[in-house]
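Asks: Residue numbers (the working numbering), protein chains in the order written: chain A, 1 to 136; chain B, 1 to 583. There's a structure below that I have some questions on.
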Amino acid sequence: MKVLKAVEMNRCIGCLSCMITCATVNQQDHSILKSAIRIKTSGGLTGKFMAIVCQACKDDVPCAEVCPTGALVQRKGGGVLLDKENCVGCEHCVTACTVDAIYFDHSTKLPIVCKHCGVCARFCPHGCLQLTEEVQ
Amino acid sequence: MLYENSIKVLYIDLSTGKIEIKRRTDMAGYLGGVGVASKLLEETMRPELSPLAAEQPMILAIGAISGIYPLITKTVAMFISPLTGELGESYAGGRLALTLSMAGYDAVVIHGKAPRPSYIVIDGGNIEIKDARPIWGMDSDVVGQFIRDHVKGSGKRSILRIGPAGEKMVKFASVCVDTYRHFGRLGLGAVMGSKHVKAIIVTGDKSTKIKEYKDYFRVYQSIFKSVTETDLMAKYHDLGTSINVEVINALGALPTKNLTESHFDGAEKITGEAFANNHLVRKMACTGCPVGCIHIGQFRQKFDDGYDYESLSVAYDYELIYSLGTLLGVSKTDEVLHLIEAVEKTGMDAISTGVALAWATEGFMKGIVTVAETLLPLTFGDSKIYYQAILYLANRKNDFYRVLGEGTRSAGATYGGKEFALQVAGNEIPGYHTGYGNLVGLTVGARHSHLCNAGYAVDQSISTFDENKAVDALFMEELERCVLNSLVICLFARKVYNRETVLKALNATGYVLTDNELTTIAKRIYKTKLGIKEKLGFDPRQVVLPERFFKTPSIHGTLDPLIAERMINRYVEKCLLLLSEEN
Ligand code: SF4
Ligand code: SF4
Ligand code: SF4
């Protein structure tokens, strides 16, 4: 199974097309805050852009580990899938992720987790993001 | 407002600190952007007072579908221009449009004057007017850094700020938006300075469920494709607008040394390619634009013996290379970038600054002004002197720089040399001496900018000149741009957003409009703008065009003032006809 990697962030132009399309396709919302990937500047616009996105942890998966209800299920290839029915909105997963890749959506009371669908990569004009086959 | 039938307007009165939010259902007929902003300006302006009076408004507005389609990225600012004394209209990209929509406002009206230097934080429904005394006097870039550290919301906020020139109310002071974009033209920076506002920070977290997901995303994708996969936008992405240096020079339309020539001998050293090869380090984009036309050039300079270098990076574009390069006879890329850096940090419009200094240089050469006034031996090609002059101008160093800071028209009227002051109706000219389309276009254009009706493009597209056809083309383009600017689409994408695409984009988000209805809206907006200009006492037939425009040949040869006059009259007739039409 493929996973999303931010491979060439030096080429990023900060257009946020990745965030716009992620929020559109996965949350059917116009707000970039509903995106599972985030583009941030380090030190304002004169600094570099960085992508905050699920690192597709394997084996030991911190967010899934702390989830009290088992709502985060390990995904084949890396990362997790959210089972909305089981989630109680405790936000433990949010704090467990060291790279801050899980956002809590207070309007739906559900976390937003990247499912490595690659829509962001499809809309990145500079090839910064890629869906790659993880080498086993 | 997206999916709603009302326009949400935030009113901020700086004098009293009073904040009001109104939902204006009566404004739906103006679509958004320049339409709504014009209407708000008409309602709130005070024609009888000076442009910098506290009572005058400053208005920001976005469009109905801002931020949700590629390249619908701009915000319009409207005000009374302290430079021309009439309609002030300016556009900026960056993140502002998206943050305003996430804050939940279609328009912001700021009036009054804060009792002390202040900055405004708009964080969704939370509006604060804060103390800016410690940052008053700071350069534009430094104040940006300060704000970044002190106001939360990194990555999703937009920061507008002025430099020292805005505080000193230099009449062509600019407002910097998110480091690399600006409300450049016509003096919005002076308006902010007059209101004691150093910066405005916008952030918000509003979300909006997509109503018709399939329809919307289908249109989004098709626009995205035409923007990224066809060559419609290639020019802007590749070399950027600076590709024009070669093109315009080859046509013999590149204003050089205060338009004493229309061809620059050193042009091959400052072409788009030269900048890209020597300096380009990265490209950037406004939020929501996959094109990324913002070209950042880096250069280093020695500041001491040994190995002491400082490095600077600034955004460059065609207009800046013209105004701070060819018009001043500067033919080295790093020197042009250095001058750009000076206008950036002081916070002035690059075009107006270059034109003002070019006038001053010719005046100095002709003995109209001497070193007693200029303090510097202004010489075409000497960028070190110009760098210093920019600092003097921004700080209104002495009487001479104070007058120059009132604009090139004022300087010509005060010291003499009106005939070579490169301004039209008070606004300094952009980098095209293409012919009648350009010159007449600037005169009749709502804000006397090349972006009103693209007269330079009319000149370039016609082989045999027909004055009536040219006037018709100017009028049609000015009207069409009322539609594009009501949605506040980046004008670089004007070929992508033809009527068909605009209608599709609107329809997919619930604005069911017909082609005819769009035309009606365009006319309504244009009429409002013409009405404002009239109230402010403007008549294009009264504009005195400097002789220089008729001396230096354009691509259509040496221009005849009588033909220009005839064209202006014909344009005025077309406007009167429009004004007499029923709504
Ligand atoms: S969300 Fe964080 S913790 Fe969970 S798999 Fe992704 S990177 Fe690892
Ligand atoms: S918020 Fe939901 S997914 Fe996250 S840890 Fe709590 S129950 Fe699990
Ligand atoms: S789409 Fe690509 S270039 Fe644009 S912000 Fe995302 S990573 Fe950067």
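Even glycine gets a Cβ: it sits at the ideal position worked out from N, Cα and C.
Would you mind sorting residue 160 (chain B) into buried or exposed? The rule is 16 or more other CB atoms within 10 Å of its CB.
Replies: Counting Cβ neighbours within 10 Å, residue 160 (chain B) comes out buried, since at least 16 surround it.
Asks: So is the beta-carbon of residue 85 (chain A) under 8 Å away from any non-hydrogen atom of ligand 2?
Replies: False, no ligand heavy atom lies under 8 Å from that Cβ.
Asks: Could you check how far apart the C-beta atoms of residue 32 (chain B) and residue 62 (chain B) are, in whole angstroms? I think they sit under 8 Å.
Replies: Their Cβ separation, rounded to whole angstroms, is 6 Å, which keeps residue 32 (chain B) and residue 62 (chain B) in contact under 8 Å.
Asks: Under 8 Å between beta-carbons, which chain B residues line up against residue 112 (chain A)? List them in chain order, please.
Replies: Simply none; closest approach about 11 Å.
Asks: Quick one: any contact between the segment 516-524 of chain B and the segment 229-238 of chain B, if contact means 3 or more CB pairs under 8 Å?
Replies: In short, these stretches do not touch, since the Cβ pair count stays below three.
Asks: Going by alpha carbons, who is nearest to residue 123 (chain A) out of A:25, A:2 and A:3?
Replies: The residue with the shortest Cα to Cα distance from residue 123 (chain A) is A:25.
Asks: Pick helix, strand or coil for residue 123 (chain A), following the three-state DSSP scheme.
Replies: Of the three classes helix, strand and coil, the one that applies to residue 123 (chain A) here is coil, per DSSP.
Asks: What I want to know is whether the C-beta of residue 69 (chain A) ends up closer than 8 Å to one or more non-hydrogen atoms of ligand 5.
Replies: You won't find ligand 5 in this model; what it holds is ligand 1, ligand 2 and ligand 3.
Asks: On the DSSP letters alone, give me the boundaries of the alpha helix (DSSP H) that residue 229 (chain B) sits inside.
Replies: Where residue 229 (chain B) is concerned, the enclosing alpha helix (DSSP H) stretches over 213-229.
Asks: Can you name the residues of chain A whose CB is closer than 9 Å to the CB of residue 525 (chain B)?
Replies: Within 9 Å Cβ-Cβ: nothing; residue 525 (chain B) doesn't reach chain A, min ~25 Å.
Asks: By the criterion of Cβ-Cβ separation under 8 Å, what are the contact partners of residue 313 (chain B) in chain A?
Replies: Going along chain A in sequence order, the residues near residue 313 (chain B) (Cβ under 8 Å) are 46.
Asks: Taking 9 Å as the threshold (beta carbon to beta carbon), is residue 22 (chain A) in contact with chain B?
Replies: Output row for residue 22 (chain A): interface = no.
Asks: If you check the beta carbons only, do residue 166 (chain B) and residue 139 (chain B) fall under 9 Å apart?
Replies: No, Cβ-Cβ distance for residue 166 (chain B) and residue 139 (chain B) is not below 9 Å.
Asks: Tell whether a beta-carbon distance below 9 Å holds between residue 71 (chain A) and residue 87 (chain A).
Replies: Yes, they are a contact pair.
Asks: Counting along the chain, where does the alpha helix (DSSP H) carrying residue 361 (chain B) start and finish?
Replies: 350-365 is the extent of the alpha helix (DSSP H) around residue 361 (chain B).
Asks: Which residues in chain A sit within 8 Å of residue 387 (chain B), going by Cβ to Cβ distance?
Replies: Per Cβ cutoff of 8 Å: no residues; residue 387 (chain B) is ~21 Å from chain A at best.
Asks: Which class does residue 497 (chain B) belong to by DSSP, given the choice of helix, strand or coil?
Replies: Coil, per DSSP.
Asks: Which bits of chain A does residue 299 (chain B) rub up against, with CB to CB less than 7 Å?
Replies: Those do not exist, as residue 299 (chain B) stays about 14 Å from chain A at its closest Cβ, beyond 7 Å.
Asks: Which residues, in chain order, does the segment 94-108 of chain B contribute to contact with chain A at a C-beta distance below 8 Å?
Replies: Taking 8 Å as the Cβ-Cβ cut-off against chain A, the residues of the segment 94-108 of chain B that qualify are 98 and 102.
Asks: So residue 90 (chain B) packs on residue 67 (chain B), CB below 8 Å; how close in whole Å?
Replies: Incorrect: roughly 19 Å between the Cβ atoms, too far for contact.
Asks: Would you give the residue range spanned by the alpha helix (DSSP H) that residue 566 (chain B) belongs to?
Replies: Its alpha helix (DSSP H) spans residues 561-580.
Asks: DSSP puts residue 73 (chain A) in a beta bridge; with which residues?
Replies: Beta-bridge pairing links residue 73 (chain A) to A:81.
Asks: Between which two residues does the beta strand (DSSP E) containing residue 176 (chain B) stretch?
Replies: Run containing residue 176 (chain B): 175-177, per the beta strand (DSSP E) assignment.
Asks: Three or more C-beta pairs closer than 8 Å, one from the segment 1-19 of chain B and one from the segment 100-119 of chain B: is that the case here?
Replies: Contact between the segment 1-19 of chain B and the segment 100-119 of chain B is present, because at least three Cβ pairs lie under 8 Å.
Asks: Hey, would you say residue 129 (chain B) sits closer than 9 Å to residue 147 (chain B), going by beta carbons?
Replies: Contact: no.
Asks: Taking any Cβ of chain A, which residues in the segment 206-230 of chain B have a Cβ under 8 Å from it, in chain order?
Replies: Those would be 206, 207, 208, 209, 210, 213, 216, 217, 220, 224 and 228, in chain order.
Asks: Just to confirm, does residue 62 (chain A) get its C-beta within under 8 Å of one of the non-hydrogen atoms of ligand 3?
Replies: No, the Cβ of residue 62 (chain A) stays beyond 8 Å of every heavy atom of ligand 3.
Asks: Counting only Cβ pairs nearer than 9 Å, list the residues of chain A close to residue 292 (chain B).
Replies: Per Cβ cutoff of 9 Å: 13, 14, 15, 125 and 126.
Asks: Is the Cβ-Cβ distance between residue 493 (chain B) and residue 71 (chain B) less than 9 Å?
Replies: Going by C-beta atoms, residue 493 (chain B) is nearer than 9 Å to residue 71 (chain B).
Asks: At a threshold of 8 Å, does residue 126 (chain A) count as lining ligand 3 (C-beta to nearest heavy atom)?
Replies: Correct: residue 126 (chain A) has its Cβ closer than 8 Å to ligand 3.
Asks: Kindly confirm or deny that the segment 9-25 of chain A and the segment 45-52 of chain A touch, where touching means at least three C-beta pairs closer than 8 Å.
Replies: The segment 9-25 of chain A vs the segment 45-52 of chain A: in contact.
Asks: Examine ligand 2 and report whether any of its heavy atoms sits within less than 8 Å of the Cβ of residue 92 (chain A).
Replies: At least one heavy atom of ligand 2 is nearer than 8 Å to the Cβ of residue 92 (chain A), so yes.
Asks: Can you find a C-beta in chain B that's less than 9 Å from the C-beta of residue 33 (chain A)?
Replies: True, the Cβ-Cβ gap to chain B drops below 9 Å.
Asks: Verify the CB distance criterion: does residue 88 (chain A) have a CB-CB separation below 9 Å to chain B?
Replies: Cβ-Cβ to chain B under 9 Å: no for residue 88 (chain A).
Asks: Write down every uninterrupted run of the alpha helix (DSSP H) in the segment 129-206 of chain B whose length is 4 residues or greater and which is fully enclosed by it, in chain order.
Replies: Taking only runs of at least 4 residues, the alpha helix (DSSP H) segments lying wholly in the segment 129-206 of chain B are 140-150, 164-167 and 188-194.
Asks: Among A:78, A:39, A:37 and A:63, which has the Cα closest to the Cα of residue 57 (chain A)?
Replies: The candidate whose alpha carbon is nearest that of residue 57 (chain A) is A:78.
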